[in-house]
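In this text, residue positions in the sequence shown follow our numbering: the first is 122, and each later residue adds one.
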Amino acid sequence: MTGINWPTAIAFSVFHLAPLGLLWTGITIADLIVCFVLYVTRGFFITGGYHRYFSHRGYSMGRSMQFIMALGGTCALQSGPLWWAAHHRHHHKASDKEDDIHSPITGFFWAHIGWMLSNKNKEAPLELVRDFSKYPEIRWLDRWHFIPPIVLGILCLLIGGISMLLVAFLSTVFTYHTTWAVNSVTHLFGTRRYATTDTSRNSWWVAFLTFGEGWHNNHHHFPTTAKAGFRWFEIDLTYYGLKVLSYFRLVRHLKVPPHQALQRCQIKEGNTDIGMLSKKWRHATIKLERLIKKARRLRDEERVALEEFLGKVKLRWEELVNRRPTSEMLENMIWSVRIKYARVLRRLKYA
Ligand SMILES: [Zn+2]
Ligand SMILES: [Zn+2]
122 MTGINWPTAI
132 AFSVFHLAPL
142 GLLWTGITIA
152 DLIVCFVLYV
162 TRGFFITGGY
172 HRYFSHRGYS
182 MGRSMQFIMA
192 LGGTCALQSG
202 PLWWAAHHRH
212 HHKASDKEDD
222 IHSPITGFFW
232 AHIGWMLSNK
242 NKEAPLELVR
252 DFSKYPEIRW
262 LDRWHFIPPI
272 VLGILCLLIG
282 GISMLLVAFL
292 STVFTYHTTW
302 AVNSVTHLFG
312 TRRYATTDTS
322 RNSWWVAFLT
332 FGEGWHNNHH
342 HFPTTAKAGF
352 RWFEIDLTYY
362 GLKVLSYFRL
372 VRHLKVPPHQ
382 ALQRCQIKEG
392 NTDIGMLSKK
402 WRHATIKLER
412 LIKKARRLRD
422 EERVALEEFL
432 GKVKLRWEEL
442 VNRRPTSEML
452 ENMIWSVRIK
462 YARVLRRLKY
472 A
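Structural data, given as C-alpha cells:
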C-alpha cells in the first residue's frame, strides 16, 4: 500500500508544466477572464461545497443543489466529494496527532502535497462519510470524478483554443496551492486566538486567497459552521457567497457559531495554549527518542526502561489532551514528568 501514487504524481506534474505552453501560444484577455472565473467558481465549490458542506455540514440544501455543489467540486480536480470529505473529517479527528494524514509535524512538503502522492492515502476512510455515501449520485460522482473536469477542458479547448485550455490548467494549479496552503501554511504560520488542541492558525493572506478558509484557528475551534471569519474584519467570502445563495433559497440554515463558543478557550483570557504545548512536547519526545537510539553505551535493560518511560509519557499525554484538560491538569502533568525527563536527558548525553 505504501510508495508513490504515480498516476497522481504524473497528473500533478502535467498540470504544473502545461501552463508553460502559454509562452508559445500567448494569452488573450478572454483567457485571463476565464482563468479568474474558473479560480473563483471552482475555489468556491471547494470551500463552500467540499469543505463547509460535505465535510462539516455547516448548512443544508436540497438534493439537486447538493449534486451541483459536488459536480462543481469535481471540476477543481481534487478528487471526489466523498474522498475529500472523508480525509478532511479524519484531519479534524486527529489534528496534529500521529495519525493525522497531513499534519506539518511530518514536514511542510508532506502537509502541502506529499500526503496525496503517497499510496497510503489513495483510499479515504469512507466510514466517516456514511451520511453522504448513501446518495447514489454522489457515489457515482465520487467514482467518476475525473469526467466533469475532462468535459470542462474540452469546452475550454473548443471555445478558446489551446491557450484557453492552458489557462484552465493554470487556474487549477492556483486553486491547488491555495487549498493546500490551508493544510500546510495555516498549521505553521499566523496567529492563534483559540487554545485548540492542534497547531491551527489564522492567516489573513491565506484567508484572502481561499475565500475565508485561512481563518483556520477559528475553524478548528468551531468547525461545524458555514462561517470561518468570526470577527467583522475577518473577511470570509465563502460565507458571504453562501449568504447570497440563501437569499435565493438555494441553500438553507446556515450555521453560525454561538456567542458562548466565540468567547470560550481564548488564549488572551489566560487559557493554556494546549496545541502549541503539544507541539513542544512532541519535539521533546522525538529528541529523547533519537538520543535513546543513538546512545551506544546504554545497557539493554536501561534502553528498554527508557523506551518504556517514553511510551508511558506519550500515552498519558495523549489521554490528557483528549480529555480537554484544564491549565492546572496540564501543569501537574508537566511537573510530574519534567524532572524525570531532565534526569534522563543528562544520562543520555554521556551514554
Ligand atoms: Zn487543519
Ligand atoms: Zn474543516
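Glycine included, C-beta positions come from ideal geometry on N, C-alpha and C. Treat the numbers as computed from the prediction; the structure is a model and nothing was measured.
Per-residue DSSP class, three states only, for residue i
i, result
"Q187", "helix"
"S134", "helix"
"W353", "coil"
"Y171", "helix"
"W336", "strand"
"R373", "strand"
"S324", "coil"
"T318", "coil"
"S114", "Absent from the structure is residue 114, since the part of the chain shown begins at 122 and ends at 472."
"I222", "coil"
"L198", "coil"
"S216", "coil"
"E440", "helix"
"E449", "helix"
"P257", "helix"
"E410", "helix"
"H266", "coil"
"R251", "helix"
"E428", "helix"
"N304", "helix"
"G228", "coil"
"D394", "coil"
"P140", "helix"
"G193", "helix"
"I234", "coil"
"A245", "coil"
DSSP beta-bridge partners of residue i
i, result
"S239", "I125"
"Q387", "Y315"
Chain-order list of residues whose beta-carbon lies under 8 Å from that of residue i (same chain, five-residue window excluded)
i, result
"G362", "F165, G169 and F332"
"F229", "S305 and L309"
"V250", "F175, L203, A206, A207 and R210"
"P446", "I395 and M454"
Own chain partners of residue i with C-beta closer than 6 Å, once the 5 adjacent residues on each side are dropped
i, result
"T293", "F136 and L198"
"H223", "A232, W236 and N304"
"W265", "none"
Contact set for residue i: own chain, Cβ-Cβ below 7 Å, skip 5 residues either direction
i, result
"S284", "L143, T146, G147, I148, T149 and D152"
"M122", "Confidence is the limiting factor: at M122 the pLDDT is only 49, short of 50, which leaves the residue's position unreliable, though a coordinate-based value still follows. Result list for M122: N240 and K241, in chain order."
"T424", "The amino acid occupying residue 424 in the given sequence is Arg; Thr does not appear at that position. Once the five neighbours on either side are set aside, the close Cβ partners of R424 are I413."
"M450", "L441"
Inter-residue CB distance, residue i and residue j (contact presumed, cutoff 8 Å)
i, j, result
"N338", "R322", "5 Å"
"S216", "H340", "At roughly 11 Å, the Cβ-Cβ gap does not stay under 8 Å, so S216 and H340 are not in contact."
"A349", "E334", "6 Å"
Heavy atom of ligand 3 within 8 Å of residue i beta-carbon
i, result
"H172", "Ligands present in the displayed structure are limited to ligand 1 and ligand 2, and ligand 3 is not among them."
Any contact of the stretch 363–374 with the stretch 394–401, i.e. 3+ C-beta pairs under 8 Å? Contact annotation: the stretch 363–374 does not touch the stretch 394–401, with fewer than three C-beta pairs closer than 8 Å.
Does the structure place the stretch 317–331 close enough to the stretch 177–186 that three or more beta carbon pairs sit under 8 Å? Not touching, per the Cβ criterion.
Could you say if the stretch 240–257 and the stretch 319–329 meet the contact criterion of at least three C-beta pairs nearer than 8 Å? Contact between the stretch 240–257 and the stretch 319–329 is absent: fewer than three C-beta pairs spanning the two stretches fall below 8 Å.
Segment contact, 8 Å Cβ cut-off, at least three pairs: the stretch 421–436 with the stretch 403–412: Under the three-pair Cβ rule at 8 Å, the stretch 421–436 counts as touching the stretch 403–412.
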